[in-house]
Amino acid sequence: MLLIIFALFGFTRPASSQDVNALLRAVRAKIEQVRDYTADARLVIDVSFMKVPPSDVKVYFLRPDQFKIIKQGGISILPKGGLNISLNALLQDGNYAAIDAGTIKGQRVVKLVPLKEGGDVVLTTLYIDEAPLLVRKAVTTTRNNGTFELDLDYGHYAGYALPDKAVFIFNTSGYKLPKGLSLDYDPHGNTNAPPPPSDAKGQITLSYARYTINKGIPAGIFQ
Amino acid sequence: MRIELWKIYRKPRTYISFLAIAAMVWLIQLGLYADGENYIRFGMQSLTASFDLSGKILNGYLVCFVILQTFLMQVPLLIALVAGDMIAGEANTGTLRLLLTKPMGRGELLAAKFAATFVYTVTLLLWMALLALLGSLLIFGVGDLMIMRNREMDLLLSGDVPWRYAAAFGFAIVAMTAVASLAFLFSVFAENAIGPIVSTVSAVIVLTILSTMDIPFFNRLKPYLFTTHMIGWKGFFYTPVPWHDIMGSLAVLLGHILAFGAVTWIVFTRKDILS
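As structure tokens, this is what we get:
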């Protein structure tokens, strides 16, 4: 019996891993078509304690992991960490060990365990649409910034593996706003608002209108 | 009323308020112009630990908001300086009895004096708006306004801010008129201006402390204190705007103005004027 289990583990696991690695290499090759991009997008922030109206922003990306959102003439505010996690950086050779976690709803589930110790990312789970080689969803657990979920919808730029819409979901309990320095207006005398529940989720949606791909990024954007 | 206005604006004391506001506004603007980025960095320290911020946070709208918050205690003092003098000042100089020999009722005299006090209150706030808002916009430019509250943050787009300031200054006129009417009331009881001015400022300080203390016993009192509602102007900068609360606050403030005015009228029309 033990021999049978050993045989199954010994022969099927490497074969599956190899498939997964080949799939990841193909996904990475597709992603790496894009060296940089600038995109016009609509940013919608849905976080209970942040009252931020939807705004039009410019998104800048430079391979492997430089990412910035700028609102012309205004203020942009985003949670630290999650949005900057780049699939490009995650999928670099030698950065991870891939584990095949099967198929769910027609999507290949791959878990990436970083090989380098001490990094912020602890585990990433990718949901990959194998035929078009597109990552539909990524769930990343970090050491310092909690767990993030990134849902990606593709359309016009699917050939470059660039989404039309990216929804970033995160747990808001780890985010703390400073207590206001002055008195809040509350005619009922309740000076303290209740804290958000510990399992509260925040959501940031970026709806991309158009991309400018591989045309370079203006100097100083990421400084 | 024209005579009363002339009386107000011929006194050098009146211009102390305008100079004081100009000095305070310019000092804050100068300080923020010189070292505003550090001030913002310090103020946003715990926010930037969790969030990436980019853009021009220090702009004219934010500077104006900082100025308005800082002046919460000072402006009532400047209002009381003139309103407390309206009746008591006449009594002190011995002209009140002479004034009442003129062919008009006491109520008419009170109305003229209160109307002149109101005009002074409005001009003082318009002066403040001119310096704090327009001045700050000229120096620091336009931008989105970020407001930090207890456990909440509002970000207002720059195009959505001007009407809020217009409404806030309108609200401030009502709030300061409530202070003026209290000083006006105290002025009826006194023979010189110092008493009503000090009494008004003391009342505002004590009631503001009661409004800010988070003690259950005082919490029951808070909705009835006009000082709780004086900061209602801030509500215009919240998302969504708490219209119901703001209207309630306006009603409370107007109620105080009417009540103070009615008591002033009752006392003054029955008072034995000896000076």
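These protein sequence lines map, in sequence, to chains Y and C.
When you line the first sequence up against the numbering used here, it's residues 4 to 226, in that order.
When you line the second sequence up against the numbering used here, it's residues 2 to 276, in that order.
Just so you know, even glycine gets a beta-carbon here, dropped at the ideal spot from N, CA and C.
Based on Cα-Cα distance, which residue from the options lies nearest to residue i?
i         : options                                    : result
Y/Val-124 : Y/Phe-151, Y/Gly-105, Y/Ile-207, Y/Tyr-211 : Y/Phe-151
C/Leu-186 : C/Tyr-62, C/Ala-84, C/Thr-15               : C/Ala-84
C/Thr-15  : C/Tyr-225, C/Ala-81, C/Pro-224, C/Val-253  : C/Ala-81
C/Ala-184 : C/Ile-41, C/Leu-146, C/Phe-119             : C/Phe-119
C/Leu-1   : C/Ser-200, C/Phe-227, C/Ile-198            : No answer is possible for residue 1 of chain C: the residues shown for chain C start at 2 and end at 276.
Y/Val-116 : Y/Asp-103, Y/Tyr-99, Y/Gly-105, Y/Leu-129  : Y/Tyr-99
C/Thr-148 : C/Met-45, C/Phe-141, C/Ala-204             : Checking the sequence, you will find Ile at residue 148 of chain C rather than Thr. Selected option, being the one with the closest Cα: C/Met-45.
C/Trp-164 : C/Ser-51, C/Phe-237, C/Phe-72, C/Leu-78    : C/Phe-237
C/Leu-146 : Y/Ile-216, Y/Arg-31, Y/Thr-208, Y/Pro-56   : Y/Pro-56
C/Tyr-239 : C/Pro-224, C/Leu-157, C/Met-231            : C/Leu-157
C/Ala-176 : C/Phe-52, C/Met-105, C/Ala-252, C/Gly-37   : C/Ala-252
C/Leu-259 : C/Ser-182, C/Arg-98, C/Trp-128             : C/Ser-182
C/Phe-72  : C/Pro-104, C/Ala-35, C/Ile-58, C/Ala-24    : C/Ala-24
Y/Leu-136 : Y/Gly-122, Y/Leu-118, Y/Asn-148, Y/Pro-166 : Y/Pro-166
Y/Pro-67  : Y/Ile-34, Y/Asn-147, Y/Lys-61              : Y/Ile-34
Y/Leu-129 : Y/Val-30, Y/Val-142, Y/Val-60              : Y/Val-142
Y/Asp-154 : Y/Leu-65, Y/Leu-90, Y/Asn-148              : Y/Leu-90
Using the C-alpha atoms, what's the distance from residue j back to residue i?
i         : j         : result
C/Val-89  : C/Ile-216 : Val is not the amino acid found at residue 89 of chain C; the sequence shown has Ala there. Their Cα atoms are separated by approximately 37 Å.
C/Ala-179 : C/Val-202 : 13 Å
Y/Asn-228 : Y/Val-50  : Nothing in the structure corresponds to residue 228 of chain Y, since chain Y is present only between 4 and 226.
Y/Leu-27  : Y/Ile-107 : 17 Å
Y/Tyr-63  : C/Val-242 : 34 Å
Y/Asp-43  : Y/Asn-24  : 33 Å
C/Val-189 : C/Leu-131 : 33 Å
Y/Ile-78  : C/Glu-153 : 16 Å
C/Phe-66  : Y/Ser-176 : 29 Å
Y/Thr-145 : Y/Phe-171 : 14 Å
C/Ile-4   : C/Val-123 : 18 Å
Y/Ala-101 : Y/Asp-22  : 10 Å
C/Leu-31  : Y/Ala-222 : 32 Å
Y/Val-47  : Y/Thr-208 : 5 Å
Y/Thr-15  : Y/Ala-161 : With a pLDDT of 40 at Y/Thr-15, under the threshold of 50, the modelled position of that residue is not reliable, and no figure is offered here.
C/Ser-1   : Y/Ala-169 : The structure shown does not extend to residue 1 of chain C, since chain C is modelled only from 2 through 276, so no value can be given for it.
Y/Leu-126 : Y/Asp-39  : 26 Å
Y/Phe-9   : Y/Gly-158 : Note on Y/Phe-9: pLDDT 37, under 50, position unreliable in the model; the coordinate value appears next. Those two C-alpha atoms are separated by around 45 Å.
Y/Pro-190 : C/Val-26  : 28 Å
Y/Glu-133 : Y/Ile-72  : 30 Å
C/Phe-19  : C/Ile-198 : 17 Å
C/Val-162 : Y/Val-30  : 46 Å
C/Trp-266 : C/Glu-109 : 10 Å
Report yes if the C-beta distance between residue i and residue j is below 8 Å; otherwise report no.
i         : j         : result
Y/Phe-225 : Y/Gln-75  : no
C/Leu-6   : C/Ala-169 : no
Y/Arg-139 : Y/Gln-110 : yes
C/Leu-134 : C/Tyr-166 : yes
C/Ala-173 : C/Leu-126 : yes
C/Ser-250 : C/Gly-262 : no
Y/Pro-82  : Y/Gly-205 : yes
Y/Ile-80  : Y/Tyr-163 : no
C/Glu-192 : C/Asn-93  : yes
Y/Ala-104 : Y/Lys-119 : no
C/Glu-91  : C/Leu-78  : no
C/Tyr-40  : C/Leu-48  : no
C/Arg-98  : C/Thr-270 : no
C/Lys-114 : C/Met-87  : yes
Determine, for residue i, whether the minimum Cβ-Cβ distance to residues of chain C falls below 8 Å.
i         : result
Y/Leu-55  : Just to set this straight, residue 55 of chain Y is Val in the shown sequence, not Leu. True, the Cβ-Cβ gap to chain C drops below 8 Å.
Y/His-159 : no
Y/Asp-39  : no
Y/Tyr-188 : yes
Y/Phe-70  : no
Y/Leu-126 : no
Y/Leu-81  : yes
Y/Ile-216 : no
Y/Ile-172 : no
Y/Lys-74  : yes
Y/Phe-52  : yes
Y/Ser-176 : no
Y/Leu-5   : Note that Y/Leu-5 scores a pLDDT of 39, beneath 50, so its modelled location is shaky; the value from the coordinates is reported in the next line. So, not an interface residue.
For residue i, decide whether its Cβ has a neighbour in chain Y, counting only Cβ atoms nearer than 8 Å.
i         : result
C/Met-177 : no
C/Pro-224 : yes
C/Thr-240 : yes
C/Asp-36  : no
C/His-230 : yes
C/Arg-42  : no
Taking only heavy atoms of the ligand NAD into account, decide whether any of them is closer than 7 Å to the Cβ of residue i.
i         : result
C/Thr-265 : Because no ligand of any kind appears in the structure shown, any question about the ligand NAD cannot be addressed here.
- Query: Which runs of the beta strand (DSSP E) fall wholly inside the stretch 99-151 of chain C and span at least 3 residues, in chain order?
  - Reply: Uninterrupted beta strand (DSSP E) stretches at least 3 residues long and entirely within the stretch 99-151 of chain C occur at 146-150, given in chain order.
- Kindly provide the ranges of any beta strand (DSSP E) runs that are 3 or more residues long and lie completely inside the stretch 17-77 of chain Y, ordered along the chain. With a minimum length of 3 residues, the unbroken runs of beta strand (DSSP E) contained wholly in the stretch 17-77 of chain Y fall at 39-49, 58-65, 69-73.
- Task: Counting only runs of 4+ residues fully inside the stretch 120-175 of chain Y, write out the alpha helix (DSSP H) ranges in chain order.
- Result: Fully enclosed alpha helix (DSSP H) runs of no fewer than 4 residues are not present anywhere in the stretch 120-175 of chain Y.
- Message: Restricting to runs no shorter than 4 residues, where is the alpha helix (DSSP H) found entirely within the stretch 221-274 of chain C?
- Response: The qualifying runs are 227-231, 244-271.
- Which runs of the alpha helix (DSSP H) fall wholly inside the stretch 51-85 of chain C and span at least 4 residues, in chain order? Counting whole runs of 4 or more residues, the stretch 51-85 of chain C contains the alpha helix (DSSP H) stretches 61-71, 75-84.
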